[in-house]
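S.K.: Here's a structure for you.
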Amino acid sequence: MSLATARRIPPGLGQESIWDYPRPPPHTRRAKRLLETSHPSACYLALEDIRLKEFFKPTSSGRTSY
């Protein structure tokens, strides 16, 4: 089954769907994709292909009020 023909199956009560996890659009030919049964796929990118300037420093401390 290709992604073009794959359809999302709504998760049952108390379940998650791997379709709810976004996939990064890597612009590299060196990316590796790990597939495991019943787990979302994971993408691994070469460190040299990550544009760190695309990331920014958060304006808050990241702490919650709780």
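The number in our numbering is simply the position in the sequence shown, starting from 1, with 6 added.
We put the beta carbon where it would ideally sit given N, CA and C, even for glycine.
Please go through the stretch 30 to 54 and give each complete beta strand (DSSP E) segment of 3 or more residues, from N-terminal end onward.
M.R.: 38 to 40 and 48 to 50
S.K.: Residue 53 to residue 46, Cα distance in whole Å?
M.R.: As a first step, residue 53 is located in the sequence shown; it is residue number 47 there, counting from the start. As a first step, residue 46 is located in the sequence shown; it is residue number 40 there, counting from the start. Going by the C-alpha atoms only, they are around 22 Å apart.
S.K.: Could you check which residue in 15, 18 and 56 has the C-alpha nearest to that of residue 35?
M.R.: Looking up residue 35 in the sequence shown gives position 29. With distances taken between Cα atoms, residue 35 lies closest to 56.
S.K.: What's the C-alpha gap between residue 5 and residue 38?
M.R.: The requested residue 5 does not occur in the structure, where the chain is confined to residues 7 to 72.
S.K.: Report the residue from 58, 61, 59 and 48 whose alpha carbon sits nearest the alpha carbon of residue 27.
M.R.: The sequence position of residue 27 within the sequence shown is 21, counting from 1. Considering only alpha carbons, the answer is 48.
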